[in-house]
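Peer 1: Residue numbers (this note's numbering), protein chains in the order written: chain A, 27 to 126; chain B, 60 to 1017. Following this message is one structure expressed as structure tokens.
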Amino acid sequence: LFIMYMAGNTISIFPAMMVCMMGWRPLQALMSLSASEYKPTLSSRRALQGLVFLVGNGLGLALALYKCQAMGLLPTRPSDWLAFVAPPQRMEFTGGGLIL
Amino acid sequence: RQQYVGKLKFASLEASQGSKKLIVATEKNVVAALNSRSGEILWRHVDKGTPEGAIDAMLIHGQDAVTVSNAGRILRSWETNIGGLNWETSLDTGSFQVASLVGLQDLVKYVAVLKKAAISLHYLSNGHQKWVEHLPESENTQYQLVYSHGTGVIHVLGIVPQSHLNVLTFSVEDGEITKQMRIEAPWLRSLPGTCGVVGEAVLACVDAGSRSLYVCSLETEQEMKQIPLESLELEFADDFQPSVLATQPSATGASRTQFFLQLSPSRFSLLQYKHGLLSHLRDFQQAALVSFATTGEKTVAAVLTCRSELKPGSSEDPHVGSTLEGSRKQETLTCSNQTYNINLYLVETGQRLLDTTITFTLEQSDAKPQQLYIQVFLKKDDSVGYRALVQTEDHMLLFLQQPGKLVWSREESLAEVVSLEMVDLPLTGAQAELEGEFGKKADGLLGMFLKRLSSQLILLQASTAHLWKMFYDARKPRSQIKNEINIDNLARDEFNLQKMMVMVTASGKLFGIESSSGTILWKQYLRNVRPGSSFKLMVQRTTAHFPHPPQCTLLVKDKESKMSFLYVFNPIFGKRSQVAPPVLKRPILQTLLLPIMDQDYAKVLLLIDDEYKVTPFPATKNVLRQLEEIAHSIYFYLVDAEQGKLSGFRLKKDLTTEESWEVVIPTEVQRIVTAKGKRSNEHVHSQGRVMGDRSVLYKSLNPNLLAVVTESTDTHHERTFIGIYLIDGVTGRIIHSSVQKKAKGPVHIVHSENWVVYQYWNTKARRNEFTVLELYEGTEQYNATAFSSLDRPILPQVLQQSYIFPSAISAMEATITERGITSRHLLIGLPSGAILSLPKALLDPRRPEIPTEQSREENLIPYSPDVQIHAERFINYNQTISRMRGIYTAPSGLESTCLVVAYGLDIYQTRVYPSKQFDVLKDDYDYVLISSVLFGLVFATMITKRLAQVKLLNRAWR
């Protein structure tokens, strides 16, 4: 986390890799959880452990997303979608000019 | 680049067989020498385009060409071999009348310039003034002729209209008036044309009223002798001012005693006046043009006649003469089969010289010859040979050699292009076949399949043929391969970089020019176009709709009669279209090209006439129905510069209009100079600009916006101003108006996307300035899906900034590309003939004075008031364009590329890449390296795969 803070909000290859890792690890963990969950018999303790694991990983993911947001990697602003805005359709046609 | 000189005013051909030069002075204020073998320009001097540069006279003597320009202010002498200026002197003011060479005892040493009130004599060698004399009674006497023939005196002829002639005789040595005469001539109105000097200072004048010729010796006689022309059995045409055409072979000798008398527009007769006797040598009927030429001792007369079907080559056909009576009103005779003859006649006797006939046929265009210049030389066997320079009505120069061979021709009307459009070239036959397949309606599964198979087969055939041709060409040496472009193999290239330029010239001639090579592929002369007409060229159907031919429409409006007509043609082949344009009964004020199409994919053209009624073209039922549907959304705006009125009209369902708004700009204070809308084919890719804090500043892209420029009528440098109005064309709402004080035109303006750039002269700081206006809606878009001018509650924000530009400009245009992704550049034509490509980012009103974090994030350049001209931004290098009048830009098939045509006296075409060639691989792209690496890697993977398999196998065995 500290490293994440130190990495700052500039976009360069190392922070980007770190953020990727940060986002990817909780995801991986969650995937493995869902895979390993159904194999052993369910006990309430185990369920709690699982829940804590889930929340922790979720927090990690949220942190990664926040980091992305801080770095400006998430397309949340209208400016990010500007290239896809269709030009407005014109309703009137005009023409003319100086009298010939 | 192609260079032109313009319509000829004066021309001179050297009278020797080996000469290669042809000195011309044109109406475009150009003095130039043409190579008479190839028609190329040897040298060219371009004077100012205003009347200040107008060439009034040109005289040739030996290696010197003397020109008088700027209404007799400036006398210049040019060296004709290399085009250097020998000397230049400025003359006193006074309206220029005539100039002539003055010789003294077999030497031409002086040039005499006659003004309204004075005559001056200059040395030919250095231009110094020898003497200047005032002319007596210059208030009511119009001095119009100067004559000398090497006897040491100069005769100056002045006329008091309908009263008498004043003949002054000056001594060449000191300018003293040696004699003054007064000759009664109450019938005479003006001297040039009606009078000519023949023989040894004998004035011959013709009078239509009394049908007689008056002669009078300038040296001895006091009275004019009347010779009735009936005695020679010559008849005058009615309402025609007859004229006398005489020749003086050299300034030291006397004029020839023979002269032409023009009796009617197409009838000339060669007369002789010798020893007080007038005799008739020969009569030329049905002659279009006559000209004299001299070589050595021989003087010949050249007569251009129309070749008639009855008796080819004869000019004495009385039968044709009678048919001409009907067509007398036309200036010269019309020639039915466009074939002309030039014949030479010996002046002394009027005999026709044998073997001197040139027969030439003008192309299908109906232009008539206008001017004829003859270059005569003596051949080795002492017979006369000659070449002829003919200028036709459509400003085409033809240079003809003796057996009727055309040596070269020049299209000088291209020196004055008024309107220009670029049209895509058609697809090749195979491509068109494929397109046509998709265009047709489906007829069953099997039929479609078969059709597809057949078209693919044709494609295969074409590609093999192409490959074979490439292979064949590759074996030939490179010099032999000439990529000739003609109308048959005209096809669109891969990226649509070659286009057809359709040019309309002021003379009424249309040209189709292939853009990459500049070859003229077709030309068409509209003969009923009078000079000074206004043109508007529109592309109604592009080449995209294959089975239908492309269609262009030209609206021609006569300035005087106000009547207009439409000319519909195919822009690729130049043929007149089959479609009949509507007959226009009322003068057309403006046009509007709608994006709706009829069933033949032709865009609908609306013409609004002076009763504000609308005529659609084409006017099929389908179109009328569509029009009725969308009539409520069609608006016109008309800008009347004379009355200072802008008015908007709304189309009603019955194709009449009603006025919806009007803006009056008082003409006492300011006058409207230009009104500019946006280009209809412009695409804007980005709807806004991203700010430093990642919010969006939306552009105000009003397609109906109109930029109107006014100039103050008061031209005092303290009070002069220009005004800019941004007006919505639908509602008439003034979105922005600003007045630039102490500014003067001419204003050049570019209006595109959401910005307007205009340039003017700042009279206070005495410099050229740019001002840029940009319109933004703000960070919120009012209605993102549809734009309606009627529903715009908030006015856009206007940002503006000004810059200093170090040069005046002659033309300005913005680049345009297919999708509008590429950044825009301004193309600025400088008076030096260069075209500067200036990034629009340099003219950005958001350039901050103090750069901040955010502005740096936006890549804004900090504001600096001066825009510099970097020579590396010239897109035409040293191919300068003289007297540039306009720049035309057109998108190409590549997004990065924009085609540019600059026109003026010259025509120049190039491509520009405003954001570099981002969609094209670079020239130095290493295909070999990349592909070898790729293949190597594929190979390596295959080998390693094999090795890995072997290793796995081995391990499994263990």
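For each residue, glycine too, the CB sits at the ideal point set by N, CA and C. The structure presented is a predicted model; accordingly, all values stated were derived computationally and were not measured.
(1) Would you mind listing the beta strand (DSSP E) stretches within the stretch 840-901 of chain B that are 3+ residues and don't spill past its ends, in chain order?
(2) Grab the span of the alpha helix (DSSP H) containing Ile689(B) for me, first residue to last.
(3) For Thr451(B), count the other beta carbons within 10 Å of its own beta carbon; 16 or more makes it buried, fewer makes it exposed. Which is it?
(4) Looking at the strands, I want to know which residues DSSP matches up with Trp720(B).
(5) Leaving aside the five residues before and after Asn842(B) along the sequence, list all residues of the same chain whose C-beta is less than 8 angstroms from its C-beta, in chain order.
(6) State the Cα-Cα distance for the pair Leu643(B) and Met622(B), rounded to the nearest angstrom.
(7) Answer with yes or no whether the minimum CB distance from Asp123(B) to chain A is below 8 angstroms.
(8) Please report the distance separating the alpha-carbon of His454(B) from that of Lys87(B).
(9) Mapping DSSP to helix, strand and coil, what is Met117(B)?
(10) Go ahead and pull the three-state DSSP assignment for Ser128(B).
(11) Considering only C-alpha positions, which residue in the set Lys618(B), Arg970(B) and Leu613(B) is nearest to Val627(B)?
(12) Note down, in chain order, each residue of its chain lying with its Cβ closer than 6 angstroms to the Cβ of Tyr404(B), except the 5 sequence neighbours on either side.
(13) Tell me whether Glu57(B) sits in a helix, a strand or coil according to DSSP, three-state version.
(14) Looking only at DSSP bridge pairs, what is Tyr947(B) linked to?
(15) Would you say Gly892(B) lies against chain A (beta-carbon separation less than 8 angstroms)?
(16) Mind checking who Ala91(B) pairs with in its DSSP beta bridge?
(17) Which residues in chain B have a C-beta closer than 7 angstroms to the C-beta of Arg103(A)? List them in chain order.
(18) Would you give the residue range spanned by the alpha helix (DSSP H) that Ile989(B) belongs to?
(19) Can you tell me whether Pro852(B) is buried or exposed? The criterion is at least 16 other CB atoms within 10 Å of its CB, across all chains shown.
(20) I'd like the list of long-range same chain contacts for Leu648(B), defined as Cβ closer than 7 angstroms, with 5 residues on each side in sequence excluded.
(21) Could you spell out the range, first to last residue, of the beta strand (DSSP E) harbouring Val449(B)?
(22) Using three-state DSSP, classify Ser381(B) as helix, strand or coil.
(23) Starting from Ser797(B), follow the beta strand (DSSP E) in both directions and report where the run begins and ends.
(24) Could you round the C-beta distance between Ile731(B) and Val767(B) to whole angstroms and report it? I think they count as a contact, below 8 angstroms.
(25) Kindly indicate if chain B contains any beta-carbon less than 8 angstroms away from that of Val111(A).
(26) Measure from the C-beta of Gln115(A) to each C-beta in chain B and report whether the shortest distance is under 8 angstroms.
(27) Given a cut-off of 8 angstroms, decide if Val274(B) and Val261(B) are closer than it, judged by their beta-carbon atoms.
(28) At a CB-CB cut-off below 9 angstroms, which residues of chain E make contact with Gly788(B)?
(29) Can you check the stretch 146-207 of chain B for any alpha helix (DSSP H) of at least 4 residues that lies completely inside it and give the ranges in chain order?
(30) Do we get a CB-CB distance below 8 angstroms when we pair Ala843(B) with the residues of chain A?
(31) Rounded to a whole number of angstroms, what is the C-alpha to C-alpha distance between Arg738(B) and Ser128(B)?
(32) Using C-beta distances below 6 angstroms, list every residue in its chain close to Arg778(B), excluding the 5 sequence neighbours before and after it, in chain order.
(33) Using the Cα positions of Glu407(B) and Ser575(B), report the straight-line distance between them to the nearest angstrom.
(34) Taking buried to mean at least 16 other C-beta atoms within 10 Å of its own C-beta, is Cys46(A) buried or exposed?
(35) Is any beta-carbon of chain B found at less than 8 angstroms from that of Leu100(A)?
(36) Buried or exposed: where does His187(B) fall if 16 or more other Cβ atoms within 10 Å of its Cβ makes it buried?
Peer 2: So, from the listed chains and residues:
(1) 856-864, 870-873, 884-888 and 894-898
(2) Locating residue 689(B) in the second sequence gives position 630, where the first residue counts as 1. Per DSSP, Ile689(B) belongs to the alpha helix (DSSP H) from Lys680 to Ile689.
(3) For the purposes of this step, residue 451(B) is taken as the residue at position 392 of the second sequence. That one is buried.
(4) Counted from its first residue, the second sequence places residue 720(B) at position 661. DSSP lists Gly707(B) as partners of Trp720(B).
(5) The residue you call residue 842(B) lines up with position 783 of the second sequence. So the qualifying residues of the chain are Asp850.
(6) One-based indexing of the second sequence puts residue 643(B) at position 584. One-based indexing of the second sequence puts residue 622(B) at position 563. When the Cα atoms are used, Leu643(B) and Met622(B) turn out to be separated by approximately 8 angstroms.
(7) Translated into positions along the second sequence, residue 123(B) becomes position 64. No, Asp123(B) lies away from the interface with chain A (no Cβ there is under 8 angstroms from its Cβ).
(8) As a first step, residue 454(B) must be located in the second sequence, where it is residue number 395. As a first step, residue 87(B) must be located in the second sequence, where it is residue number 28. About 12 angstroms.
(9) Here residue 117(B) refers to the residue found at position 58 when the second sequence is read from its first residue. Strand, per DSSP.
(10) Working through the second sequence from its first residue, we reach residue 128(B) at position 69. In this structure, Ser128(B) counts as strand in the three-state DSSP scheme.
(11) Counting from 1 along the second sequence, the entry for residue 627(B) is found at position 568. Checked all of Lys618(B), Arg970(B) and Leu613(B); the closest Cα to Val627(B) is Leu613(B).
(12) The count along the second sequence starts at 1 and reaches residue 404(B) at position 345. Counting only residues of its own chain and dropping the five nearest sequence neighbours on each side, Tyr404(B) has a CB closer than 6 angstroms to the CB of Ala360 and Arg411.
(13) Residue coverage of chain B in this structure runs from 60 to 1017, which leaves residue 57(B) outside it and unanswerable.
(14) Numbered from 1 along the second sequence, position 888 holds the residue referred to as residue 947(B). According to DSSP, which records beta bridges pairwise, Tyr947(B) is partnered with Val960(B).
(15) Counting from one through the second sequence, the residue named residue 892(B) turns up at place 833. Output row for Gly892(B): interface = no.
(16) The sequence position of residue 91(B) within the second sequence is 32, counting from 1. In DSSP, Ala91(B) forms a bridge with Val83(B) and Arg103(B).
(17) Your numbering for residue 103(A) matches position 77 in the first sequence. Neighbours of Arg103(A) on chain B, chain order: Arg753 and Ser754.
(18) As a working note, residue 989(B) is residue 930 in the second sequence. Start and end: Tyr986 to Trp1016.
(19) For this step, residue 852(B) is matched to residue 793 along the second sequence. So Pro852(B) ends up on the exposed side.
(20) Translated into positions along the second sequence, residue 648(B) becomes position 589. Excluding positions up to five away in sequence, the list reads Ile667, Asp668, Asp669 and Leu697.
(21) Residue 449(B) sits at position 390 when you count from the first residue of the second sequence. Where Val449(B) is concerned, the enclosing beta strand (DSSP E) stretches over Val443 to Thr451.
(22) Here the question's residue 381(B) lines up with position 322 in the second sequence. Caution applies to Ser381(B), whose pLDDT of 31 falls short of 50 and renders its modelled position unreliable; the value that the coordinates give is listed next. Residue state, collapsed to three classes: helix.
(23) Locating residue 797(B) in the second sequence gives position 738, counting from the first residue. That run of the beta strand (DSSP E) goes Ile793 to Lys800.
(24) By 1-based counting over the second sequence, the position of residue 731(B) is 672. By 1-based counting over the second sequence, the position of residue 767(B) is 708. Between Val767(B) and Ile731(B) the Cβ distance is about 6 angstroms, and since that is below 8 angstroms, they are a contact.
(25) By 1-based counting over the first sequence, the position of residue 111(A) is 85. Yes, Val111(A) lies at the interface with chain B (some Cβ there is under 8 angstroms from its Cβ).
(26) Your numbering for residue 115(A) matches position 89 in the first sequence. Chain B contact via Cβ: present.
(27) As a working mapping, residue 261(B) is identified with position 202 in the second sequence. As a working mapping, residue 274(B) is identified with position 215 in the second sequence. It is a contact, given that the beta carbons lie within the stated cut-off.
(28) The chain labelled as chain E is not found among the protein chains of the depicted structure, namely A and B.
(29) none
(30) Counted from its first residue, the second sequence places residue 843(B) at position 784. By this cut-off, Ala843(B) is an interface position.
(31) Walking along the second sequence from the start, residue 738(B) turns up at place 679. Walking along the second sequence from the start, residue 128(B) turns up at place 69. Approximately 40 angstroms between the Cα atoms of the pair.
(32) Here residue 778(B) is taken as the residue at index 719 of the second sequence, counted from 1. There are no such residues.
(33) Here residue 407(B) refers to the residue found at position 348 of the second sequence. Here residue 575(B) refers to the residue found at position 516 of the second sequence. Taking the Cα positions, Glu407(B) is about 54 angstroms away from Ser575(B).
(34) The residue given as residue 46(A) occupies position 20 in the first sequence. Cys46(A) comes out exposed.
(35) Taking the first residue of the first sequence as position 1, residue 100(A) is located at position 74. No - not a single Cβ of chain B is within 8 angstroms of the one on Leu100(A).
(36) For this step, residue 187(B) is matched to residue 128 along the second sequence. His187(B) is exposed by the Cβ-count criterion.
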